[in-house]
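Visitor: Residue numbers (this note's numbering), protein chains in the order written: chain A, 16 to 129; chain B, 2 to 114.
Every residue gets a Cβ at the ideal spot worked out from N, C-alpha and C, and that includes glycine.
Structure incoming, see below.
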Amino acid sequence: AQKITQTQPGMFVQEKEAVTLDCTYDTSDPSYGLFWYKQPSSGEMIFLIYQGSYDQQNATEGRYSLNFQKARKSANLVISASQLGDSAMYFCAIFNQAGTALIFGKGTTLSVSS
Amino acid sequence: DGGITQSPKYLFRKEGQNVTLSCEQNLNHDAMYWYRQDPGQGLRLIYYSQIVNDFQKGDIAEGYSVSREKKESFPLTVTSAQKNPTAFYLCASSPRQGIHEQYFGPGTRLTVT
Chain A
16 AQKITQTQPG MFVQEKEAVT LDCTYDTSDP SYGLFWYKQP SSGEMIFLIY QGSYDQQNAT
76 EGRYSLNFQK ARKSANLVIS ASQLGDSAMY FCAIFNQAGT ALIFGKGTTL SVSS
Chain B
2 DGGITQSPKY LFRKEGQNVT LSCEQNLNHD AMYWYRQDPG QGLRLIYYSQ IVNDFQKGDI
62 AEGYSVSREK KESFPLTVTS AQKNPTAFYL CASSPRQGIH EQYFGPGTRL TVT
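Encoded structure:
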């Protein structure tokens, strides 16, 4: 069965610094998709970035990039030039084997200070 | 504006009462989902529906029920059989079954005392 592991319960970074949030996954399916979501204190889940297992290039969306290392089963999120508004919970997720729903990790809380 | 609405934002109920959480989307998406989130935890799947009049149990369906009579609506009922109903409930949708981004509603925080 698919599984997501996020080992950093909390991360602290200063404004304008880059930060890497770790995510490792477990799957036996050769075709899969990995997602990162941001959850601010308001509770909504905001989609950030997607990486397909067959994508040759690492995904990039603005200040977000995904460091995808397939052999290590790792899909770390890199946020460049952190902003105060980046303070939130961040979740890594993978689609389940049936392709019917997402399986989430437990999340990492990011705190950005000025 | 297209999106997903959930109402209400906060809901309080007495133990033993059933309660229905609303989820509506105007994105014309086929698939809809209900997730539960407990403090400090990730989301867990309760139910999902890939098409009108059809739905499937997720990982933690016990004590919950759903219906999908219209494409745009996927209400969740938390029954009195659910042992620990206090949680944050999130509804999501995606264009169709398969590996697609899911769009989430703002969530409903349910407190049962």
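1. Give the C-beta separation of Ile19 (chain A) and Phe119 (chain A) to the nearest angstrom, bearing in mind that I take them to be a contact with Cβ-Cβ under 8 Å.
2. Please list the partners that Glu59 (chain A) has in chain B, where partner means a Cβ-to-Cβ separation under 7 Å.
3. Since Gln21 (chain A) is in the beta strand (DSSP E), which residue starts that stretch and which ends it?
4. Pop quiz: Thr87 (chain B) and Thr112 (chain B) are said to be a contact at Cβ under 8 Å. What is the actual Cβ separation, rounded to whole angstroms?
5. Give the list of continuous alpha helix (DSSP H) stretches no shorter than 4 residues that lie fully inside the segment 39-88 of chain B.
6. What in chain B is Cβ-close to Lys121 (chain A), meaning under 8 Å?
7. By Cβ distance below 8 Å, which residues in the same chain neighbour Asp55 (chain B) in space, the five residues on each side in sequence not counted?
8. Strictly below 8 Å CB to CB, what residues from chain A border Gln98 (chain B)?
9. Classify Gln18 (chain B) as buried or exposed, calling it buried when 16 or more other Cβ atoms lie within 10 Å of its own Cβ.
10. Does the CB of Phe62 (chain A) have a neighbour CB from chain B at under 9 Å?
11. Check for me: the beta strand (DSSP E) holding Asp41 (chain A) runs from which residue to which?
12. Does any CB atom of chain A fall closer than 9 Å to the CB of Glu63 (chain B)?
13. Would you kindly check if the distance between the Cβ of Tyr36 (chain B) and the Cβ of Phe62 (chain A) is under 9 Å?
14. Under three-state DSSP, which class holds Gly114 (chain A)?
15. Using only the alpha-carbon positions, how far apart do Ala74 (chain A) and Ser95 (chain A) sit?
16. When the cut-off is 9 Å and only beta carbons count, does Phe83 (chain A) lie next to chain B?
17. Which word fits Gln72 (chain A), buried or exposed, when buried means at least 16 other C-beta atoms lie within 10 angstroms of its C-beta?
18. From A:Ser129, A:Tyr69 and A:Gly100, pick the residue whose C-alpha is nearest to that of Asp44 (chain A); which is it?
Guide: Result, derived from the coordinates:
1. In the first sequence, counting from the first residue as 1, residue 19 (chain A) sits at position 4. In the first sequence, counting from the first residue as 1, residue 119 (chain A) sits at position 104. About 6 Å separates the two Cβ atoms, so the contact holds.
2. Walking along the first sequence from the start, residue 59 (chain A) turns up at place 44. Correct list: Phe105, Pro107 and Gly108.
3. In the first sequence, the residue the question calls residue 21 (chain A) occupies position 6. Segment: none, Gln21 (chain A) is in no beta strand (DSSP E) and carries neither H nor E.
4. Within the second sequence, the letter at position 86 stands for residue 87 (chain B). Within the second sequence, the letter at position 111 stands for residue 112 (chain B). Going by Cβ atoms, the distance from Thr87 (chain B) to Thr112 (chain B) rounds to 5 Å, so yes, they are a contact pair.
5. none
6. Counted from its first residue, the first sequence places residue 121 (chain A) at position 106. Result: Gly41, Gln42 and Gly43.
7. Locating residue 55 (chain B) in the second sequence gives position 54, where the first residue counts as 1. Closer than 8 Å at the Cβ level, and outside the excluded window around Asp55 (chain B), lie Arg69.
8. Taking the first residue of the second sequence as 1, we reach residue 98 (chain B) at position 97. Ordered by position in chain A, the residues that pass the 8 Å Cβ test against Gln98 (chain B) are Gly114 and Thr115.
9. The residue labelled residue 18 (chain B) in the question sits at position 17 within the second sequence. Exposed, because fewer than 16 other Cβ atoms sit within 10 Å of the Cβ of Gln18 (chain B).
10. Here residue 62 (chain A) refers to the residue found at position 47 of the first sequence. Yes - at least one Cβ of chain B is within 9 Å of the one on Phe62 (chain A).
11. By one-based count along the first sequence, residue 41 (chain A) stands at place 26. That run of the beta strand (DSSP E) goes Thr39 to Asp41.
12. Translated into positions along the second sequence, residue 63 (chain B) becomes position 62. Nearest CB-CB separation between Glu63 (chain B) and chain A: not below the 9 Å threshold.
13. Position 47 of the first sequence, counted from the start, is the residue given in the question as residue 62 (chain A). Position 35 of the second sequence, counted from the start, is the residue given in the question as residue 36 (chain B). In this structure, Tyr36 (chain B) does not lie closer than 9 Å to Phe62 (chain A) by Cβ.
14. Translated into the one-based positions of the first sequence, residue 114 (chain A) becomes position 99. DSSP places Gly114 (chain A) in coil when its eight states are reduced to three.
15. The residue labelled residue 74 (chain A) in the question sits at position 59 within the first sequence. The residue labelled residue 95 (chain A) in the question sits at position 80 within the first sequence. Cα-Cα distance, rounded: 14 Å.
16. Along the first sequence, one-based indexing puts residue 83 (chain A) at 68. So, not an interface residue.
17. What you label residue 72 (chain A) is simply residue 57 of the first sequence in a count that begins at 1. The residue is exposed, with fewer than 16 neighbouring Cβ atoms inside 10 Å.
18. Here residue 44 (chain A) corresponds to residue number 29 of the first sequence, with the count starting at 1. Among A:Ser129, A:Tyr69 and A:Gly100, the Cα nearest to that of Asp44 (chain A) belongs to A:Tyr69.
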